[in-house]
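Number of protein chains: 2
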Amino acid sequence: MKLYDLKNGLNPRRVRIFLAEKGISIPSEFVDMMKGENKAQTYLAINPMGLMPVLEFDDGTHLAESIAICRYFEELHPQPPLFGTTTLERAQIEMWNRRMELEIQLPIQDVFVHLNAFWAGRRPQVPEYGRVQQARVLERMAWLNRELADRPYIAGDHYTVADITAQCAFVMGKGTGSKIPDDLTNLIRWFDLVTSRPTARA
Amino acid sequence: MKLYDLKNGLNPRRVRIFLAEKGISIPSEFVDMMKGENKAQTYLAINPMGLMPVLEFDDGTHLAESIAICRYFEELHPQPPLFGTTTLERAQIEMWNRRMELEIQLPIQDVFVHLNAFWAGRRPQVPEYGRVQQARVLERMAWLNRELADRPYIAGDHYTVADITAQCAFVMGKGTGSKIPDDLTNLIRWFDLVTSRPTARA
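So the sequences go chain by chain: A and B.
Just so we're aligned, residue 1 is where the first sequence starts under my numbering, counting upward by one.
Just so we're aligned, residue 1001 is where the second sequence starts under my numbering, counting upward by one.
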């Protein structure tokens, strides 16, 4: 088994932190996006989307999509539970993880892709759309700050996959135009809490 | 238990088809987006995102996000399985469902939101971004057409939640600028197959 990985990728980091929380270690092969390795035919045969991470099984089966990989390991190694322990809790953590993806991660990525010089010539950039999403990130951070007024973690009293998604999004946002404003004190308290875990730099 | 629902919404339709496939019937309360009911304080207290569907439990608990709701019912009513039956199969169906969301549903929605007169004055429109996403939809439909050359359904031999996501996306795409081109014969065969199920108009 091995993981096709990407050093600074947001999604690969989600899986690395998840595996570290579970105490699971898997060999990684790092794909060099700067050299276009992820768009080479050999890699597109592994994942036609050209994205990382991908889990490769010993029989040659490939599993893409971060949350699909995390869910696979959650079933095999249920401790510590990161997707919840009861039917309702699992559904609620799924809800919070999706809100973190759709309301936080997605617009933070859009700000990066559409407003940052890094992507010039690599992907179509529409700065006006980047600005629309930048306003959305600010609005959603303010909402999340209110949500975190009365609980330590995104989905409640325990650290879950929803925290992993959100912390990786904000780590990317820090250097790409979506830094958490200083007055969002609940959000900053939460970010300091989750990024001080021993797994945060996995 | 009841469902806050929206007649023509893509996501509410996903949940309605899912429940129909399971043979589950839940009372619906339709929220009138045209009258702005989803942005009223009473509804924002139910879902701060202002989106449908939301499942309301008898004790007043709310569960938002279509796939969270579907997953909740999958656990309680495993037959027929729509998320897979083994650990690997569940992970693969999760992968395919996410690909359908990220590579098909999301750009189809973007084409609708950014290029259609319906949204003028309702949401910020960036036509240039709509055109970027329109090119992406075409490219992704061609990819999906190739994938469907050797299997009947999105994730393999059985109808799953990944088909539900994709069929609802293409139903929306039909009238909003993302119709499946005639020459993508595998994709058209699949679309005819899934939309001829008795549950397709749920």
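Every residue gets a Cβ at the ideal spot worked out from N, C-alpha and C, and that includes glycine.
Query                                                                                                                               : Result
A/Trp96 Cβ short of 8 Å to the ligand SAH heavy atom set                                                                            : The ligand SAH is absent from the structure shown, which contains no ligands of any kind.
Cβ-based burial, A/Ser178 [other Cβ within 10 Å; buried from 16]                                                                    : buried
B/Tyr1072 at chain A interface by Cβ criterion, 9 Å                                                                                 : yes
Cutoff 7 Å; reference A/Asn186; Cβ partners in own chain excluding five residues on either side                                     : Asn145, Leu148 and Ala149
Nearest-angstrom Cβ-Cβ length linking B/Met1033 and A/Leu63, presumed shorter than 8 Å                                              : The pair is not a contact, with the Cβ atoms about 37 Å apart (cut-off 8 Å).
Assumed close pair A/Val161, A/Leu88 - CB separation to whole angstroms, cut-off 8 Å                                                : Their Cβ separation, rounded to whole angstroms, is 16 Å, which puts A/Val161 and A/Leu88 out of contact at 8 Å.
Beta-carbon proximity list for B/Gly1050, same chain, < 7 Å, skipping 5 on both sides                                               : Asn1038, Lys1039, Tyr1043 and Leu1044
Any C-beta of chain A under 9 Å from that of B/Arg1244                                                                              : For residue 1244 of chain B there is no data in the structure shown, the boundaries of chain B being 1001 and 1202.
Any alpha helix (DSSP H) of 4 or more consecutive residues that is wholly inside the region 1063 to 1139 of chain B                 : 1066 to 1076, 1087 to 1099 and 1106 to 1115
Contacts around A/Arg151, its chain only, beta-carbon distance under 8 Å, and the 5 residues preceding and following it disregarded : Asp157
Chain B within 9 Å of A/Ile154, Cβ atoms only                                                                                       : no
CB contact below 9 Å: B/Tyr1129 versus chain A                                                                                      : yes
Which of helix, strand or coil DSSP assigns to A/Tyr4                                                                               : strand
Inter-stretch contact at 8 Å, needing at least 3 Cβ pairs: the region 1107 to 1117 of chain B / the region 1126 to 1133 of chain B  : yes
Chain-ordered neighbours of A/Val132 on chain B, where CB pairs are closer than 7 Å                                                 : Pro1124 and Val1126
Range of the contiguous alpha helix (DSSP H) that encloses A/Glu21                                                                  : Leu10 to Lys22
For A/Glu147: DSSP bridge partner residues                                                                                          : Per DSSP, none; premise fails for A/Glu147.
Contact set between A/Gln216 and chain B, taken where Cβ atoms lie within less than 7 Å                                             : This structure leaves residue 216 of chain A out entirely; chain A is present only between 1 and 202.
Per DSSP, cross-strand counterpart(s) of B/Ser1028                                                                                  : B/Leu1003
C-alpha distance - B/Val1031 paired with A/Asp182, whole-angstrom precision                                                         : 37 Å
Selection from B/Met1100, B/Gly1173 and B/Gln1167 that minimises the alpha carbon distance to B/Thr1199                             : B/Gln1167
Beta bridge counterpart(s) of A/Gly156 as assigned by DSSP                                                                          : A/Tyr153
CB contact below 9 Å: A/Pro48 versus chain B                                                                                        : yes
For B/Glu1204: DSSP bridge partner residues                                                                                         : Because chain B spans 1001 through 1202 in this model, residue 1204 of chain B falls outside it and cannot be assessed.
Top-ranked residue by Cα proximity to A/Asn11, from A/Asp192, A/Gln41, A/Met172 and A/Ile180                                        : A/Met172
Host alpha helix (DSSP H) of B/Ile1164 (start-end)                                                                                  : Val1161 to Lys1174
Helix, strand or coil at B/Met1049 according to DSSP, with G and I counted as helix                                                 : coil
Neighbour flag for B/Arg1090 against chain A, beta carbons, 9 Å                                                                     : yes
Spatially closest choice to B/Gly1175 from B/Val1194, B/Leu1115 and B/Thr1165, by CA coordinates                                    : B/Leu1115
Cut-off 6 Å between Cβ atoms - residues of its own chain near B/Ile1046, not counting five sequence neighbours on either side       : Val1054 and His1062
Through-space distance from A/Ala120 to A/Leu6, alpha-carbon basis                                                                  : 20 Å
Whole-angstrom C-beta distance between A/Leu184 and A/Met141, which should lie under 8 Å                                            : 6 Å
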